[in-house]
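Chains as they are written, first to last, in our numbering: chain A, 1 to 333; chain B, 1001 to 1321; chain C, 2001 to 2336.
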């Protein structure tokens, strides 16, 4: 359904060019959940915003293709792009407290996407919710609010965002995203700002949506554990580049990239044998000063001279498992 | 490694040998050195704000002009020559080359009067800002530091004064006291200190809870020492910025009062009163009232450029964009 | 909840207003010299008997606290005393001159908002563009500009050189407008006197522009900076991700938020209008409250100055109160 090829998004800054998204290629099948994992600032969110072509100034998509249902989004006109946003591709943001507009009522904000895309005029919606658009819109919004688990939707419809708790705000944001039955949901760390118990609820809500509507989801997270639990496939990003991608069980059980291995080691485990948590030493590199070669090389335990010398290609390990590391076995893609 | 350890020991020994006062001076020395580095940095940054630098240069020129006015004026600004009444500037038909900007309605050289007018604006601006700052900052720090009845009284009084528009209040005071230089200063400072009070009080309230103040208290320093040498240096940047920005509006207020005939008095040339008296001759002698205004505008503009530049450099929190 | 907050604000404003009245009272009494002497000023030739009568009229023979008591009770009844020069109640003089002043303030408000808010928005949306730079330079000039000088320059350019706008007054006698409310714009519409309306608006333009310039500059800067702040927010990204056009993002989602501080600032600017109107009314010969005060100062008409200062201060307090109340309405968070 979604096919990203060699996507690059660059930010010219005072300190130099930042390659926030560097030659990223990945794909998403219909109804699939893909986890996009990496430390903060590695370009995960920028990848999502690039798909929607909403990269903030001064960033710019400089190359690649984003094919969604057969069309390259990067070649679409702005007006065509707008009809896609919120209708076919919707996004859920990281911080619900700042993402809802404080001066509009929540019900109004959920209904807005419906109005922009004229959803209530569509055949399927008309049949379900009736001809009167205003009444239909209200019905639809209330239904969405119930679906995402907002209790006493009738009252909350008229409330302002600051009257909602963080978890409820995130539910409202998911309702906004779901309003037009999107084919693709881009979830940018939807649980980072929330309490742990709420996190689990929101994630299972996303899973339920995926099952019921067949919505494809890209779940961006810095938590490999979350990705392992909810995603069919996992893609690991480091410093703007994709370093490993494969089915969840393969990536978790048999990680090939030293960075993925490091990430897995740094998660505390409850079950299994006693293991020491091993942090990855060093810091996330400054993206502005990135030279050629493997960006992880300075922190890597298995580093060789060759790692610094040239850009490392993606290598195919098995059918759908790819790794960007010179030490890995396999064919260059 | 070893060298470092010994030097740490040495430093500890050397500070603990000192008396509390010596120790304090020692720390103060470190602080001053740090500040001096900051000042070096400050001039570096000022260079990167060309508009602020320009403003600073113009303001300094104005101050020099005010100080050396008696040496600079080409003619006597106080007595006019009847034949020179409403004489146009020299580039106009009928202008005389020795009267560059022409003459006013009493035949006095306009350029000389404008130069002298800088004395009133500059001195009123500087003195009223200085007095307002001293009063406002001392009471503000004390109110924020001690709280209690002292804070209560001054805060309520400040609220009360804020209920008056500045010009109306100053005007009321001037009406009650009559024109005159020190009456003018009094009228401007009577309400002018409030903003400095509020700034200093608010900053003190937030600084008071920080570690370095706690540390100073724990080391047994007196309240006065803490206020003067711990809190004051940390709020002085904001005070300087506010003082600069307020100076422009105080100068405009002074000119407005002079314009309404409530300034330093009719005998001393002030831009506001020059503009006012020139109004009657607007139809055939535009220069009498517009040129002093130009001098005023240029001064206020430069002060504001400097103030906004200082704000960007010293106190970016106050920045509006 | 909102009502409770508004009530609380009003209750807080009452002691402030009382304090204002007391401050004004003491300033006028404690000023050096005998108030009667001061009042007579240059008039000079007044007999001792007249002086005594005057002292009684203004209750100067009573102890200070009784004077204050009478002053405050009179004030509560809306009695501001009598003008010495005009021999009329101050309250009536104020009432007569108020419509002209309000009309001018409204003109200034409209002109400043119509110019300033769009400029602020466009400057923020097109940050660093030429338009942004030019209008912010203009706004900077605006905050540094002394109003009286600007008025004089406008008169020189538009009245003396080009003869486009009149330089003086509200309306020529020759137009002959029947006054009903005292607001000439409203009166001319009510009586259908279109030539008077045109003339009124022409007379109104330059003074309004002068009075509004500083406010326009402040509001434009404020709108721009709060707009820039708002455009950085996450909910703007969400609005775009919903598929809204850039115009709808700016006008609907950003503007509503950006105007919250702006609206408050505008209400606070009424204070500037109050101070500025004395200057502007003097420059343009506008027969409002400001002219009345300046006249009273020049003629040493003490009770009139005192009454007008109180009216100004109370209006200012009321304006601040209004700003507070408006703020509770534009910011939904206050509802809590």
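C-beta: ideal position from N, C-alpha, C; glycine also.
In this text the structure is predicted, and so the values were computed from the model without any measurement.
Any heavy atom of the ligand GTP closer than 7 Å to the Cβ of residue i?
| i | result |
| --- | --- |
| residue 58 of chain A | Of the ligands one can find in the structure shown there are none, so the ligand GTP has no counterpart to examine. |
Alpha carbon to alpha carbon, what distance is there between residue j and residue i?
| i | j | result |
| --- | --- | --- |
| residue 2025 of chain C | residue 2068 of chain C | 7 Å |
| residue 2146 of chain C | residue 2138 of chain C | 14 Å |
| residue 2272 of chain C | residue 1165 of chain B | 7 Å |
| residue 1024 of chain B | residue 15 of chain A | Note on residue 1024 of chain B: pLDDT 49, under 50, position unreliable in the model; no value is reported. |
| residue 1948 of chain C | residue 2056 of chain C | Only positions 2001 to 2336 of chain C appear in the structure, and residue 1948 of chain C is not among them; the question remains open. |
| residue 1186 of chain B | residue 2141 of chain C | 29 Å |
| residue 1320 of chain B | residue 2211 of chain C | For residue 1320 of chain B, the pLDDT reaches just 41, beneath the cut-off of 50, and the residue's location in the model is therefore unreliable, leaving the point undetermined. |
| residue 2130 of chain C | residue 2224 of chain C | 15 Å |
| residue 2078 of chain C | residue 2091 of chain C | 7 Å |
| residue 1232 of chain B | residue 1155 of chain B | 20 Å |
| residue 260 of chain A | residue 222 of chain A | 12 Å |
| residue 2255 of chain C | residue 194 of chain A | 29 Å |
| residue 1301 of chain B | residue 1264 of chain B | 23 Å |
| residue 2151 of chain C | residue 1153 of chain B | 41 Å |
| residue 1128 of chain B | residue 1239 of chain B | 14 Å |
| residue 262 of chain A | residue 280 of chain A | 6 Å |
| residue 1010 of chain B | residue 1210 of chain B | With a pLDDT of only 33 at residue 1010 of chain B, under 50, the local geometry of the prediction cannot be trusted, and no value is derived from it. |
| residue 1096 of chain B | residue 1107 of chain B | 12 Å |
| residue 2259 of chain C | residue 2061 of chain C | 54 Å |
| residue 2002 of chain C | residue 2263 of chain C | 18 Å |
| residue 52 of chain A | residue 76 of chain A | 11 Å |
| residue 2313 of chain C | residue 2112 of chain C | 23 Å |
| residue 2175 of chain C | residue 2193 of chain C | 9 Å |
| residue 1049 of chain B | residue 1312 of chain B | 9 Å |
| residue 197 of chain A | residue 230 of chain A | 16 Å |
With DSSP as the reference, please indicate the residues paired to residue i in a beta bridge.
| i | result |
| --- | --- |
| residue 241 of chain A | A/238 |
| residue 216 of chain A | A/184 |
| residue 35 of chain A | A/219, A/234 |
| residue 2082 of chain C | C/2089 |
| residue 89 of chain A | A/85, A/184 |
| residue 332 of chain A | A/315 |
| residue 12 of chain A | A/17 |
| residue 27 of chain A | A/3 |
Leaving out the 5 sequence neighbours to the left and right, which residues in its chain are closer than 7 Å to residue i when beta-carbon positions are compared?
| i | result |
| --- | --- |
| residue 1226 of chain B | 1213, 1216, 1217 |
| residue 1230 of chain B | 1212, 1213, 1216 |
| residue 1364 of chain B | Residue coverage of chain B in this structure runs from 1001 to 1321, which leaves residue 1364 of chain B outside it and unanswerable. |
| residue 1275 of chain B | 1259, 1289, 1292, 1293 |
| residue 1041 of chain B | none |
| residue 3 of chain A | 27, 67 |
| residue 2158 of chain C | 2164, 2165, 2206 |
Might you give, ordered along the chain, the residues of its own chain that have their beta carbon closer than 8 Å to the beta carbon of residue i, omitting 5 neighbours on each side?
| i | result |
| --- | --- |
| residue 2310 of chain C | 2020, 2021, 2024, 2075, 2080 |
Under 6 Å Cβ to Cβ from residue i, same chain only, skipping five residues before and after it: list those, please.
| i | result |
| --- | --- |
| residue 1031 of chain B | Confidence in residue 1031 of chain B is poor, its pLDDT being 49 and thus under 50, which makes the residue's placement too unreliable to answer from. |
| residue 1285 of chain B | 1086 |
| residue 2103 of chain C | 2183 |
| residue 313 of chain A | 332 |
Quick check: the stretch 1247–1265 of chain B against the stretch 1113–1129 of chain B, are there 3 or more CB pairs under 8 Å?
yes
Using 8 Å as the cut-off, can you tell me whether the stretch 160–177 of chain A makes contact with the stretch 190–207 of chain A, which would need three or more C-beta pairs spanning the two stretches below that distance?
yes
Answer yes if the stretch 1264–1272 of chain B comes into contact with the stretch 1282–1298 of chain B, meaning at least three C-beta pairs across the two stretches below 8 Å, and no otherwise. yes
Cβ contact (3+ pairs, closer than 8 Å) linking the stretch 41–58 of chain A and the stretch 235–242 of chain A
yes
Q: Indicate whether the contact test is met: 3 or more Cβ pairs, each with one atom in the stretch 2214–2221 of chain C and one in the stretch 2093–2103 of chain C, closer than 8 Å.
A: Taking a cut-off of 8 Å for Cβ pairs, the stretch 2214–2221 of chain C and the stretch 2093–2103 of chain C do not touch, as fewer than three such pairs fall below it.
Is there contact between the stretch 321–333 of chain A and the stretch 297–311 of chain A, where contact requires at least three CB pairs shorter than 8 Å?
yes
| said: Is it the case that the stretch 88–103 of chain A contacts the stretch 2232–2251 of chain C, given that we only count it when at least three CB pairs across the two stretches are under 8 Å? | reply: yes
query = Using 8 Å as the threshold, is the stretch 1068–1076 of chain B in touch with the stretch 1092–1111 of chain B, meaning 3 or more CB pairs across them?
reply = yes
- prompt: Can you list the beta strand (DSSP E) stretches of 3 or more residues lying completely in the stretch 117–167 of chain A, in chain order?
  reply: Counting only runs of 3 or more, we get nothing.
Check: For the 8 Å Cβ check, are there 3 or more pairs between the stretch 248–266 of chain A and the stretch 291–303 of chain A?
Finding: yes
Query raised in the report: At what residue ranges does the stretch 2264–2324 of chain C contain a whole run of the alpha helix (DSSP H), taking only runs of 4 or more?
Result: 2270–2283, 2289–2298
### Task
Decide yes or no for the touch test of the stretch 56–68 of chain A against the stretch 2194–2207 of chain C: beta carbon pairs closer than 8 Å, at least 3 of them.
no
The stretch 2316–2331 of chain C touching the stretch 1174–1193 of chain B, judged by at least three CB pairs closer than 8 Å: no
- Task: Just list the beta strand (DSSP E) runs in the stretch 56–85 of chain A, keeping only unbroken ones of 3 residues or longer that don't cross its boundaries, in chain order.
- Result: 60–68
Point to revise | Three-pair Cβ contact test at 8 Å for the stretch 1196–1207 of chain B versus the stretch 1137–1147 of chain B | key: yes
**Item:** Whole alpha helix (DSSP H) elements within the stretch 2126–2176 of chain C, 4-residue minimum
**Value:** 2130–2144, 2147–2154
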